[in-house]
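**Q**
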Amino acid sequence: MVSLIQVTTTINMTAFQVVAYMTCLAEDILNDLVSRNLIQVAKRTYDGRISSCRIHDLLHSLCVELAKESNFFHTEHNAFGDPDNIARIRRITFYSDNIAMNEFFLLNPKPTKLRSLFCFTKDRFIFSQLVHLDFKLLQVLVVVTAQNVYERLTIPNKIGNMSCLRYVRLEGGIRGKLPNSIVKLKCLETLDIIHSYIKLPFGVWESKKLRHLCYREECYCVFFGSPFCRIMPPNNLQTLMWLDDKFCEPRMLHRLINLRKLGIWRVSDSTIKILSALSPVPKALEVLELRFFNNTSEQINLSSHPNIVKLVMFGFSAMLLNIEAFHPNLVKLTLVGLMVDGNLLAVLKKLPKLRILTLHRCRHDAEKMDLSGNGDSFPQLEVLHIKDARGLSEVTCMDDMSMPKLKKLLLVQGPIIYSPIRHRVSERLAMLRI
4 MVSLIQVTTT INMTAFQVVA YMTCLAEDIL NDLVSRNLIQ VAKRTYDGRI
54 SSCRIHDLLH SLCVELAKES NFFHTEHNAF GDPDNIARIR RITFYSDNIA
104 MNEFFLLNPK PTKLRSLFCF TKDRFIFSQL VHLDFKLLQV LVVVTAQNVY
154 ERLTIPNKIG NMSCLRYVRL EGGIRGKLPN SIVKLKCLET LDIIHSYIKL
204 PFGVWESKKL RHLCYREECY CVFFGSPFCR IMPPNNLQTL MWLDDKFCEP
254 RMLHRLINLR KLGIWRVSDS TIKILSALSP VPKALEVLEL RFFNNTSEQI
304 NLSSHPNIVK LVMFGFSAML LNIEAFHPNL VKLTLVGLMV DGNLLAVLKK
354 LPKLRILTLH RCRHDAEKMD LSGNGDSFPQ LEVLHIKDAR GLSEVTCMDD
404 MSMPKLKKLL LVQGPIIYSP IRHRVSERLA MLRI
């Protein structure tokens, strides 16, 4: 048995208090462990970096034991024993029920040494239990509840007293709103509630050190009431998911000079004009995700954004994309719900650096998709994923010179009403199909 670990999340939590070069150092150490076969790579990102990895259970058990001996990290199963040792614990995780957690904090009502707390629980009153404890030095707080249990909870205002908090992640089917006191967390660098139904307070932009802000599209009440118009977001923000279209304006984007990942939802013609401007905004942007709720008359032009290497577009079949929508530097492209015609396919075939292409729920103007070319079709493509294709009945690639670097071919049939795909590919591609 092996354990799966999300590398990006782990690195962000362990390197949150240092500058970017320390993150690179953490990645170098991780790559060194891979080269020694101590861990295995499970998945890589679009740019070849490690996204998730696996560790064997025996090695995992050894690491847990060594972490306990060095007082680096504890689990609910090895935290008990010497009362003096409990008071010295700095990092701990609870993952079964609240019995162990309640017992731990009963023995240690003032966990002044605690720096990191991970709670995987089904208890809707988890915050009510934690609010009575003294977490003055807590830096990392992760609370994960069941996704299929939707509970409305109240997050106490006292969370604002945890002045050292730098990383907060709340996940699961929990509903509610973060209290306004969270703006008092002057050290906060990462706030991740994208996998929950928690809403943000108005003053979240006042966290000057905030670097990563992730939340669900429908939980954007942070922007209502126009304090957003007076309080511009911090210029060190690197991740912003999601920004409502009505607040996407040049002066705000120019302020975000360090932004690397941006998601915009309910994209309109005005936002398309801003993104299509010759002056890239922001210049450091590497990942862009766009969600269209209505058809637009403007055609997007990202040719002036050479740093964007990952592009995700959720749209409508009536939308037409031309060659100017994609910069030649694109490495990963995901199209959802868009129209794929012969002209668009011809453009995609010519992208010189495209390595990963996903077409999900796209409508095709022809029943047959021919991936063949004159020896220059998808020159760098490594992964091709076609899922739930509308109007497509046949996929062919009879030219063995096309897609010379293809490693994975995923063709997933959608509901029967969209006509099942008959896969007809060359023998070489058939061997790569997953």
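If you count the sequence shown from 1, you need to add 3 to reach our numbering. Glycine is no exception: its CB is placed at the ideal position from the N, C-alpha and C atoms. Please read all numbers here as calculations on a predicted model, not as lab measurements.
#1: Strictly by DSSP, which residues pair up with residue 177?
#2: So, for residue 356: in the same chain, excluding its five sequence neighbours on each side, which residues have a beta-carbon less than 7 Å away from its beta-carbon?
#3: Determine the direct distance from the alpha carbon of residue 178 to that of residue 126, and round the result to whole angstroms.
#4: Sort out for me which residues DSSP pairs residue 402 with in a bridge.
#5: Does residue 290 come out as helix, strand or coil in the three-state DSSP assignment?
#6: Reducing DSSP to helix, strand and coil, say where residue 367 ends up.
#7: At which residues does the beta strand (DSSP E) containing residue 119 begin and terminate?
#8: Since residue 313 is in the beta strand (DSSP E), which residue starts that stretch and which ends it?
#9: For residue 24, which three-state DSSP category applies?
#10: Helix, strand or coil: how does DSSP classify residue 137 here?
#11: In three-state terms, what does DSSP make of residue 167?
#12: Would you mind reading off the limits of the beta strand (DSSP E) that contains residue 47?
#13: What residue from 366, 407, 393, 307 has the CA that sits closest to residue 374's CA?
#14: So if DSSP puts residue 379 in a beta bridge, which residue, or which two residues, is it bridged to?
#15: Please state whether DSSP places residue 300 in a helix, a strand or coil.
#16: From residue 182 to residue 156, what distance separates their C-alpha atoms?
#17: Does the distance from the CB of residue 136 to the CB of residue 167 come in under 7 Å?
#18: On the three-state DSSP scale, how would you describe residue 66?
#19: Mark residue 27 as exposed unless 16 or more other C-beta atoms lie within 10 angstroms of its C-beta, in which case mark it buried.
#20: To the nearest angstrom, how far is it from the Cα of residue 124 to the Cα of residue 400?
#21: Where do the N-terminal and C-terminal ends of the beta strand (DSSP E) with residue 258 fall, by residue?
#22: Tell me whether the stretch 270–290 and the stretch 244–256 touch, counting them as touching only if at least three CB pairs, one residue from each stretch, are closer than 8 Å.
#23: Where do the N-terminal and C-terminal ends of the alpha helix (DSSP H) with residue 146 fall, by residue?
#24: Rounded to the nearest angstrom, what separates residue 250 and residue 114 at their Cα positions?
#25: Classify residue 308: buried if its beta carbon has 16 or more other beta carbons within 10 angstroms, exposed otherwise.
#26: Rounded to the nearest angstrom, how far is the Cβ of residue 267 from that of residue 245, given a contact under 8 Å?
#27: Less than 7 Å between the C-beta atoms of residue 312 and residue 292, yes or no?
#28: Classify residue 433 as helix, strand or coil using the three-state DSSP reduction.
#29: Nearest to residue 326 by alpha carbon, out of 348, 310, 318, 341?
#30: In the DSSP assignment, what residue or residues form a beta bridge with residue 415?
#31: Have a look at 284, 289, 328 and flag the residue whose alpha-carbon is nearest the alpha-carbon of residue 302.
#32: Using the three-state DSSP reduction, which class does residue 335 fall into: helix, strand or coil?
#33: Of the residues 190, 337, 74, 361, which one's Cα is nearest the Cα of residue 209?
#34: Give me whichever residues DSSP pairs with residue 53 in a beta bridge.
#35: Checking 7 Å against the spacing of the C-beta atoms, do residue 336 and residue 360 come in under that value?
**A** Per the coordinate set shown:
#1: According to DSSP, residue pairing for residue 177 in a beta bridge involves 154.
#2: 331, 332, 333, 334, 383
#3: 13 Å
#4: According to DSSP, residue 402 bridges with nothing at all.
#5: strand
#6: Note: residue 367 maps to strand in three-state DSSP.
#7: Its beta strand (DSSP E) spans residues 119–123.
#8: Element bounds for residue 313: 313–317.
#9: helix
#10: In the three-state reduction of the DSSP assignment, residue 137 falls in the coil class, being assigned neither a helical nor a strand state.
#11: coil
#12: 43–47
#13: The option with the nearest alpha carbon to residue 374 is 407.
#14: Looking at the DSSP assignment, residue 379 forms no beta bridge with any residue, so it has no partner.
#15: Three-state DSSP puts residue 300 in coil, outside helix and strand.
#16: 12 Å
#17: no
#18: helix
#19: exposed
#20: 49 Å
#21: Going by DSSP, residue 258 is part of no beta strand (DSSP E) but of the alpha helix (DSSP H) stretching over 253–258.
#22: yes
#23: No alpha helix (DSSP H) contains residue 146, which is instead part of the beta strand (DSSP E) from 143–147.
#24: 42 Å
#25: buried
#26: The pair is a contact, with the Cβ atoms about 7 Å apart (cut-off 8 Å).
#27: Not a contact, by the Cβ cut-off of 7 Å.
#28: Three-state DSSP puts residue 433 in a helix.
#29: Closest option to residue 326, Cα to Cα, is 348.
#30: 390
#31: When only C-alpha atoms are compared, the closest one is 328.
#32: strand
#33: Selected option, being the one with the closest Cα: 190.
#34: 47
#35: yes
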